[in-house]
Every structure is written in structure tokens, then in C-alpha cells.
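Asker:
Shown next as C-alpha cells:
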């Protein structure tokens, strides 16, 4: 039993895309080495040396900093698979050897305690192992270790880090369980990591332990374990996971938990998990998602707000939450096979996620507001421009691993079906009915809606090619009533052909399906009309009343002061102003900009690259006179 759909693994997809290839190259050549260097400068790597006995001194930084090193290793592993690099591989190998030395003999790995057990703080690391799981991040850290270990093993074939992870997981399994210690981590992550270990080893105990941690939520045996936490909802421990119907608390923790639930549901067939996930997804998509795909409205607690609480200038919309939202929607797609999850994934990917890292690869956003006065320090005290680092640098290190993993999101298979999830120029090979099929995708998406797919099966073979027809081309920004196009009848004709012959576009669960016997050299051509569209919010989103936003294809636009006479917050957009698209290959890495009278709009993800200044997504709407 498993997901009905299987992603085409990252090792089988090579991105050649005009937008994503440079991003991934910058991530590989610049961001990964940069993040490693920052970890060296800030003591994150030295902590492992101290725990290993190679160096002296106290633990430096926060108690969850081990996880940053693991995330960068995960990203480096993906990158090494795509681009072998002897120097980079040697560096990672040396770091893994250091981590192995820092691991205690029984498998325990937590430098904040190992370096000096007498120096730990009861209200942070906990006076003893596992004694303060609500805060300590002991299990969160090793969850990222497990992710990194599996990625490294799949990318390189080596077991060095995998063996470290398995020793850790075996210890955790010895300590926790129905007849052992009953407690849950304050920050979810280990659940996904354990499932990955289960997949690569086939050891049932890891899957059972992941389910145990999920099932324990809302069922704590000793509520005194909360210590200073009087709001279990902050960490989604207020109700059993199958009884949760509303997304609450810390957004990243919640979404990581939902990913773990989807994994366990797929592997066990737990219908109660699936029902809860469906209800939670509806809540997030209908009431708590920004137009950019960002989630988490509140700075306090990095948390979801109430229904329709989506402020713009004070939006938190953490970069890590955008990454988690992409991951969760991918899990939901693999579970249900419906493209509506990919529509949310794509919106988040092109907007709320890549806004979090600068084009230079060395500057980052933690929070991603939808409006800025150019001065307010919304971003962990670093102002309205991207920061080179943060004391809590979960976002820079999370970006590294996600971008490097992107090839694994483009395609999926199921029985005798091949799914095209994302329109990204790439080459790939998949197995369908025991036949290897080569796929080559050419496109200038998201600036152009023209997509060409060339198929080269080893021999003629019959299967269904499922080509995604996005919600935005069918008249809906999101698969809910949270946002709507001003021109509600804007849905435009999609054209599809095979070897130059038109094919009817009959959409089922968001896909046009072409069932035929494919021959080597067959060519599929898809045209998605890229018409700029005005968007309005549900009236319950108070801050957006009387305002309008603009998007083209999957890309959300914003006004920046530098393009609009030094001001953006007071701009208005008349309904009758024609939106005119112009591609500028020299601007911001190459973007399509929009003009509407005196207003100039750029892609939201590209803002804050040309100095501090005002920015606005939702402009005052000037309606037509009737």
C-alpha cells in the first residue's frame, strides 16, 4: 500500500529551464557554499567538532542549529546528483564524518547536550534527554538528519550518513512508543523523516513510530509536560490529529504534520487521516492562503490567523511555510491525483516561495508581506530588504534543500499513466508498463503558455499522458471562493495537439488525458492563454475590500516604488485601464512586466532587488462608471 501516484525521482529529471536552471545553478554554486560558510562562521559546524571531542568550548547559537547543517547537506546531495563535484563531495564527506563522531555511542545526536550536559537549561534543552520535547527540538533536528541521510544515500549510493540516521532512529524507537515513553515533539518533522527511512530500508518500526508520534497528539499522558505552554494549539497538540478540522498554531509545524499524516495515510490506508487532511486543506485554501500562496498571517507565534485574517503589510507568510505548503500540496496530489493541489503548489512556488531568496543567492526573506512602506522592520529586524542571514536561519537553509529538490516535483506516474505536473523545460525518463519512456519538455513558462512535449518510448506502447490544465486558465485563482477574477467569464480556450492534429481538451480532475499508443518521436503541443487578470478577494478579507490585484498565468504582480514615481502604496488601478505585457530579458533576471496606464507592475517574487522602497500587491480599485 502506498500513494496511488509516484513522483518521478529527482535523479531522473534534469531541468533545462530558462527560469529554474539559473536558480538551481545559483543555489548549487553560490547558496550551498555560502550557507555552509555561514554555518562555520556562526559555530553551527564547530558544535559538531566540540561534541566529537575535536575542539573545546561551549555550545554556540540556538539548540536547533544542528538542523541547519542537516538541511544544507540534503540540498548538497541533490546538487551532487545533478552535477558531480569532487571538491563539494569531499567537503560533505568530511562533514558527515564529523557528525558521525559527534553521535553518542547509543545513537543520541544533539550537540546542545553532548558538548556539556551540565550546561543545559531545563526550560530549553531540558534537564535530561527528551525531558522538554515541547521546546528542545531534539526530535525535530534528527528528523532533518533523516531527510538528509536518505537524500545523500539516493544521490551518492553511500551509507555514511544513512548509518548515522539509522542509529539515531533505532534509539528513538527504543525510547518512544505505546508501551514506552509517551510524548510528542513540539516541532513536527521527524514523522516525515521516519517515513523516508522506512521507504529506503523497509523496516516497519520506522513507519509505526511515525504514526505513534502523530496519534499521540491531543492525547498527552502528562499535561505538566507543557511547562510554560498554555496553548497546545500552537504545536497542534490540542486535539487528536483525526479530530482537527481547522488549521491553527505555528504554520510550519502544522504543515509538516500534515505532510507526515499524508505519508502515513498513504502507507496504512487510514481513512480517518485522509478525512482530516481533506477538511484541513479546505480550511487553509478557502480561508487562510494569501494570493501568493503564502500562509501564516501572524508574526506572534508564526501562526495561522482566524478565517479570512490575511493582513498585507503585517503578513508573516514565512518562507519556510511556503516551502511546507508546496510539500503538503504535493503529498495531497500524490494521495488524490487531483490537479487542484498542484494549482496551489504552483502558485506558492512562483510567488510566496522564490520571493524568499534573492537572485544573488545570498540574501533572504524570512517573512513575505504583500505590502511594504520601505522602512518597517517586518523581517526579523532586518528591514524591508533581504538579509544575508538570521540568528534563526531556518529559511536560508530550507531554501537550499527545496530548490535542489525541485526536479522531483515535475512529473509523476501511476500504473499506465504519466502526469505532467509542472511546466518546466526539462528532460526525464520514466517507466510505464515496463517500458522506458523519454520525456523532453520545452517551454518559456511562466512568461509564455506554449509547451512542447517530445516522447521517446523504447518501443511503441500505450499509456495515458495527463497534461495539467491550471485553474487560472479555467477561471479560478484558487480552488475555492477566497479569490475571484473580476472578469468571471475570463476562462479562455486551451489548445492541445498530438503530432500537429488537434485533440479535444476534456478536463478531468484538472488534467487533459491523452490515451493512445505512443510512438518514438511523438510530439504534444499545449497552448495556455496568458491573459493578465484582475483579482478580487472574498469580502470577508477586510484589508482587501475595494482593492484589486493582478496576475498573469501563475505569477502574481506587485507595484514597486522605483517603477511608479517613488510611491506604490497610494496607487490605484482603474478597471478600464488595459493591462499590457512586455517581456524584458534584462530586468531582474528576465521578467514579463505589466503596464496599465501610468502603473507598472513586476512579478511579486522579484521585488526588493533595487533598493528599499514601497511595494503593494493589492491596489486601490477604480471601478468603471456605468
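In the working numbering, the protein residues as written are 1116 to 1741. Note that beta-carbon positions come from the ideal geometry of N, C-alpha and C, so glycine has one too. Quick caveat: nothing in here was measured; it's all calculated off a predicted structure.
Give the DSSP bridge partners of residue 1710, in chain order.
Answerer: 1695, 1715
Asker: Does the beta-carbon distance from residue 1578 to residue 1640 come in below 9 Å?
Answerer: Cβ atoms of residue 1578 and residue 1640: not closer than 9 Å.
Asker: Apply the 10 Å Cβ neighbour rule to residue 1220 and answer buried if 16 or more other Cβ atoms are within range, or exposed otherwise.
Answerer: exposed
Asker: Does the distance from the CB of residue 1130 to the CB of residue 1527 come in under 9 Å?
Answerer: no
Asker: Quick one: using the 10 Å Cβ neighbour count with 16 as the cut-off for buried, is residue 1738 buried or exposed?
Answerer: exposed
Asker: For residue 1376, count neighbouring C-beta atoms within 10 Å of its own C-beta (all shown protein chains included) and say buried if the count is 16 or more, exposed if not.
Answerer: Residue 1376 is buried by the Cβ-count criterion.
Asker: Give me the DSSP bridge partner(s) of residue 1616.
Answerer: 1613
Asker: As an exercise, report each continuous alpha helix (DSSP H) stretch of at least 4 residues that is fully enclosed by the stretch 1471-1524, in chain order.
Answerer: 1509-1520
Asker: Can you tell me the Cα-Cα spacing of residue 1191 and residue 1466, whole angstroms?
Answerer: Distance between residue 1191 and residue 1466, taken at the CA atoms: about 24 Å.
Asker: Please classify residue 1647 as buried or exposed, where buried requires at least 16 neighbouring CB atoms within 10 angstroms.
Answerer: buried
Asker: Alpha carbons only, please: which of 1516, 1434, 1215, 1236 is nearest the one belonging to residue 1195?
Answerer: With distances taken between CA atoms, residue 1195 lies nearest to 1516 out of 1516, 1434, 1215, 1236.
Asker: What is the DSSP secondary structure of residue 1466, reduced to helix, strand or coil?
Answerer: When secondary structure is reduced to three states using DSSP, residue 1466 falls in the helix class.
Asker: Per DSSP, which one or two residues make a beta bridge with residue 1291?
Answerer: 1296
Asker: Evaluate residue 1651 with the Cβ neighbour count: other Cβ atoms within 10 Å of its Cβ, from every protein chain shown; 16 or more gives buried, anything less gives exposed.
Answerer: It is buried - the Cβ of residue 1651 has at least 16 other Cβ atoms within 10 Å.
Asker: Taking contact to mean at least 3 C-beta pairs separated by less than 8 Å, is the stretch 1501-1519 in contact with the stretch 1142-1154?
Answerer: yes
Asker: Does the Cβ-Cβ distance between residue 1257 and residue 1225 come in under 9 Å?
Answerer: yes
Asker: Alpha carbon to alpha carbon, what distance is there between residue 1722 and residue 1728?
Answerer: CA-CA distance, residue 1728 to residue 1722, rounds to 10 Å.
Asker: Please tell me whether residue 1122 and residue 1523 are closer than 9 Å, where the distance is taken between their beta carbons.
Answerer: yes
Asker: Have a look at residue 1743 and residue 1633 and give me their C-alpha separation to the nearest angstrom.
Answerer: The displayed coordinates of the chain run from 1116 to 1741. Any statement about residue 1743 would go beyond what the structure contains.
Asker: Could you give the DSSP three-state label for residue 1347: helix, strand or coil?
Answerer: helix
Asker: What would DSSP say about residue 1390, mapped onto helix, strand or coil?
Answerer: The three-state reading of DSSP puts residue 1390 in helix, counting H, G and I together.
Asker: Between which two residues does the beta strand (DSSP E) holding residue 1633 run?
Answerer: 1626-1633
Asker: Taking Cβ to Cβ, would you say residue 1367 is nearer than 9 Å to residue 1417?
Answerer: yes
Asker: Count the other CB atoms within 10 Å of the CB of residue 1657; is the residue buried (16 or more) or exposed (fewer)?
Answerer: exposed
Asker: Output the distance between the C-alpha atoms of residue 1364 and residue 1419, rounded to the nearest integer angstrom.
Answerer: 6 Å
Asker: If I follow the unbroken alpha helix (DSSP H) through residue 1316, where does it start and stop?
Answerer: 1305-1316
Asker: For the stretch 1444-1458 against the stretch 1624-1631, do three or more pairs of beta-carbon atoms, one drawn from each stretch, fall closer than 8 Å, so that the two count as touching?
Answerer: yes
Asker: Once DSSP output is grouped into helix, strand and coil, what is the label at residue 1142?
Answerer: helix
Asker: Could you pull out every residue in the same chain whose Cβ sits closer than 8 Å to the Cβ of residue 1360, ignoring the five residues on either side in sequence?
Answerer: 1391, 1394, 1395, 1398
Asker: Mind checking who residue 1242 pairs with in its DSSP beta bridge?
Answerer: Residue 1242 is not bridged to any residue.
Asker: Using the C-alpha atoms, what's the distance from residue 1545 back to residue 1534?
Answerer: 10 Å
Asker: Which value, in whole angstroms, describes the spacing of the CA atoms of residue 1351 and residue 1369?
Answerer: 6 Å
Asker: Alpha carbons only, please: which of 1477, 1582, 1504, 1507 is nearest the one belonging to residue 1538?
Answerer: 1582
Asker: Quick test of your reading: residue 1692 and residue 1707, contact by CB under 8 Å. State the CB separation rounded to the nearest angstrom.
Answerer: The pair is not a contact, with the Cβ atoms about 17 Å apart (cut-off 8 Å).
Asker: First and last residue of the beta strand (DSSP E) that includes residue 1687?
Answerer: 1687-1689 is the extent of the beta strand (DSSP E) around residue 1687.
Asker: When you compare the CB positions of residue 1519 and residue 1147, do they come within less than 9 Å of one another, or not?
Answerer: Contact flag set, yes.
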